[in-house]
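Residue numbers (the working numbering): 31 to 190.
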């Protein structure tokens, strides 16, 4: 039970820094279906408290929300990086920008629930898959996004 509460609280803290880590909450909620409502309530309370503290730290302004979440979701900067999103978005026609951004962002979230329902007892495997998918599909990816799932590979060393 303690790992469940810690994982829910950790997910809410991670979501404070970006949109994509909320997917890591799905395998936990599927694994513990009986207490999923409690997990969502704890997640909401912790995340709401952290957002309120951020509001107070920024001097009573909600402008940081567009800087944190809006920048990730709207992808305004097409500077080349190690990800493929910059190339994808710089080569598309400008009148299709909203459509492609929507499809690209929703694509990442589509994998969380099917993977969690397919492997309900292997939360570490689903977490590994979701971390790898996040690293591949994030618009502004970095080397560290790939290092976390690769650091988890020794967990399945006995399979090789």
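Just so it is clear, CB atoms sit at the ideal spot from N, CA and C, and this is done for glycine as well.
DSSP-derived helix/strand/coil call for residue i
i	result
residue 88	coil
residue 137	helix
residue 12	Residue numbering for the chain in the displayed model covers 31 to 190; residue 12 lies beyond these limits and cannot be assessed.
residue 112	coil
residue 62	coil
6 Å Cβ shell around residue i - same chain, five flanking residues per side excluded
i	result
residue 39	76
residue 49	99 and 102
Boundaries of the alpha helix (DSSP H) in which residue i is found, first to last residue
i	result
residue 118	115 to 121
residue 165	153 to 167
residue 47	It is not in any alpha helix (DSSP H) - residue 47 carries neither H nor E in the DSSP assignment.
residue 102	101 to 104
residue 202	Beyond the ends of the chain as shown, which are 31 and 190, falls residue 202; an answer cannot be given.
residue 146	142 to 148
Supposed close pair residue i, residue j - CB separation, criterion 8 Å
i	j	result
residue 150	residue 60	5 Å
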